[in-house]
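Numbering (this note's numbering), first residue to last: 664 to 844.
Dropping the structure here:
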């Protein structure tokens, strides 16, 4: 037994001495930690969507459709330096696809503003996908960093109605809160 213990201690000392002498002889490399990944811009869908009824009133022209209840879901995507990009998800059910106005307020700084999400004219060449009927161009607002509260609304009168006999009644405006960086 004594012989095995001696053999183990000799092997342990040899390994320790190799480690002690090898460290100064090896090249040193700087060790750096990987920086944490930049957080991806999280798109927030407004907690309350915009809902409105639109239809046709006419004494002269015949209205060929019933009033429709339409829902538009605005979104907000925070970007760098307090910039926020507002957009909407496509709506296949909107008959006239009105422009959407977004009014925002930075609750930390008090800054406020309004931006418009303009309708993108669809390509009317067939076949047209239902989600291409009502799209809006995204708009960026410089809100600053902090908690942002925003409301979204559509116009009160059907813009683009050639006869001028349409109506649009807002059931509820869109409401959303989110954090801007």
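All C-beta atoms in this analysis are idealised placements derived from N, C-alpha and C, irrespective of residue type, glycine included.
All values derive from a computational prediction rather than experimental measurement.
It is roughly 31 Å from the alpha-carbon of residue 739 to the alpha-carbon of residue 788. For residue 842, the beta-bridge partners assigned by DSSP are 810. Here residue 769 is buried: its Cβ has 16 or more other Cβ atoms, across all protein chains shown, within 10 Å.
CA-to-CA, the gap between residue 835 and residue 812 works out to about 16 Å. Cα atoms of residue 779 and residue 718: separation of roughly 23 Å, rounded to the nearest angstrom. Listed as beta-bridge partners of residue 732 by DSSP are 716.
Distance from the CA atom of residue 785 to the CA atom of residue 833, rounded to whole angstroms, is 24 Å.
Here residue 742 carries a coil assignment [DSSP, helix/strand/coil].
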